[in-house]
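Data first, discussion second: the structure below is written as structure tokens.
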Amino acid sequence: MAPRFVNRFEKMQKLMAARDLDVLVVNNRENLIYFTGLTQIECLAVLIPREGEPCAVTLWLDAAYVQQESGIKTYGYFFPKESLGGKIVELIKAYGFRSPRIGFEKYFVEYAVYDALRKAFPETNFVGAADLFYRVRAIKEPQEVELMRRAAQAVCRGMDAAVKAVRPGVMEVEVLAEAEYAMLKAGSGGSSFRPQVVSGERALLTHPCASQKQIQTG
Numbered sequence: 017m018a019p020r021f022v023n024r025f026e027k028m029q030k031l032m033a034a035r036d037l038d039v040l041v042v043n044n045r046e047n048l049i050y051f052t053g054l055t056q057i058e059c060l061a062v063l064i065p066r067e068g069e070p071c072a073v074t075l076w077l078d079a080a081y082v083q084q085e086s087g088i089k090t091y092g093y094f095f096p097k098e099s100l101g102g103k104i105v106e107l108i109k110a111y112g113f114r115s116p117r118i119g120f121e122k123y124f125v126e127y128a129v130y131d132a133l134r135k136a137f138p139e140t141n142f143v144g145a146a147d148l149f150y151r152v153r154a155i156k157e158p159q160e161v162e163l164m165r166r167a168a169q170a171v172c173r174g175m176d177a178a179v180k181a182v183r184p185g186v187m188e189v190e191v192l193a194e195a196e197y198a199m200l201k202a203g204s205g206g207s208s209f210r211p212q213v214v215s216g217e218r219a220l221l222t223h224p225c226a227s228q229k230q231i232q233t234g
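In our numbering, the protein residues as written are 17 to 234.
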């Protein structure tokens, strides 16, 4: 495991000790990327014990890849015979916990995972721990700052390409295609959300995305 990830886990474990948490379940996209360095994080969770080494859980087909790329000991589960929640329960018990205080991101945890935890540990205290992630991630490492600079440069390339592509008769998705192509050429790893290219009355939508609508004059 790269030193910067070891440092991140150690920071989190100190906060867990102060909050009296035995284990932390990580399954939010941004936090998984932060602690593993991976963007292929579908069906993935990371367990952080208060003491000792963290581990990861994912589909068995991806387990070797996740372990090789992240350096985190990774366990696979065989779906549908096994489930992510069931494997998490198994590993929490393997850490030696019988009635642990479990921290998790309450707005992102899957119900199936929560239900498996609740049934396995009925006397357990479940604690919302989203604020711990914010506290660890708030202080940026030098490498993160450099990546933010590079990301900003890629975004500028995308905006320039989008502005040049805008003209009457061009569809919103065509403008988006030019912007995304420019950002990918500039080193972008892809968008973390659906980019918004909207025109006319569609700009009033709360969560718009690019459509086949043609841009009009005015």
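Ideal Cβ positions, reconstructed from N, Cα and C, are used throughout, including at glycine.
Indicate the three-state DSSP secondary structure (helix, strand or coil) for lysine 155 in the structure shown. In the sequence as presented, lysine is not what sits at residue 155; that position holds isoleucine. Note: isoleucine 155 maps to coil in three-state DSSP.
Quick check on DSSP: helix, strand or coil for phenylalanine 120? Residue state, collapsed to three classes: strand.
Suppose the cutoff is 7 Å on Cβ atoms and the five residues either side in sequence are ignored; what does the same chain contact list for proline 116 look like? Excluding positions up to five away in sequence, the list reads Asp38, Val39, Ile108, Phe137 and Thr140.
Answer yes or no: do glutamate 196 and alanine 181 have a C-beta to C-beta separation smaller than 8 Å? Not closer than 8 Å, so no.
Give me, in chain order, the residues of the same chain whose beta-carbon lies closer than 7 Å to that of glutamine 228; leave out the 5 immediate sequence neighbours on both sides. Excluding sequence neighbours, glutamine 228 sits near Met187 and Val189.
Nearest chain D C-beta to valine 125 closer than 8 Å, yes or no? Here there is only one protein chain, and chain D is not present.
Three-state secondary structure (DSSP) of proline 70: Coil.
Three or more C-beta pairs below 8 Å linking the region 21 to 32 and the region 63 to 77: Contact check between the region 21 to 32 and the region 63 to 77: three or more CB pairs, one atom from each, fall below 8 Å, which counts as touching.
Quick test of your reading: isoleucine 104 and valine 143, contact by CB under 8 Å. State the CB separation rounded to the nearest angstrom. Going by Cβ atoms, the distance from isoleucine 104 to valine 143 rounds to 16 Å, so no, they are not a contact pair.
Do glycine 101 and aspartate 131 have their C-beta atoms closer together than 8 Å? Cβ atoms of glycine 101 and aspartate 131: closer than 8 Å.
8 Å Cβ shell around valine 191 - same chain, five flanking residues per side excluded: Hits under 8 Å: Ala178, Ala181, Val182, Val213, Ala226 and Ile231.
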